[in-house]
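Heads up: the sequence shown is residues 4 to 117, going by the working numbering.
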Amino acid sequence: MVEIILPREKFKSLKGKDIKALIAENLPKVEETLRAEREEFLREKIGKLEEKLHEMESQLDELREFYEKALRDKELLTAERDKLRKENEELRRRLDEKRSSGIVNDSFTERERR
């Protein structure tokens, strides 16, 4: 059921007229107006969604850049860790050689153990 509210003057002007015929006559215009309003609403919604899509694509690009930088940093840090590990191994080997030859001071080896 559809309820139509009219101002008093409009109601009086319709008195005695065939309301069904008026509705039937104006229905195509109303349908066209509703279609136009729906299309406008959908165009606005599409515009907002496209804007949101561009924003999300921009954020995705930023995340990709961040991820790629993180991968490069990880590779760099891994290489540095390996370099330091090898250097540490070499220093320990030298220290062990010096210990075995008696060159290293006992106080130094005590500090190194802590």
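Every residue gets a Cβ at the ideal spot worked out from N, C-alpha and C, and that includes glycine.
- Going by DSSP, I22 is part of the alpha helix (DSSP H) stretching over 22-104.
- Beyond the five residues adjoining it in sequence on each side, M59 comes within less than 8 Å, by CB distance, of no other residue in the same chain.
- Inter-residue distance for Y70 and E47 is about 34 Å (C-alpha atoms, whole angstroms).
- Annotation: R97 to R75 spans about 33 Å, alpha carbon to alpha carbon.
- For K13, the enclosing alpha helix (DSSP H) covers residues 11-17.
- Rounded to whole angstroms, the gap between the alpha carbons of L79 and E42 is 55 Å.
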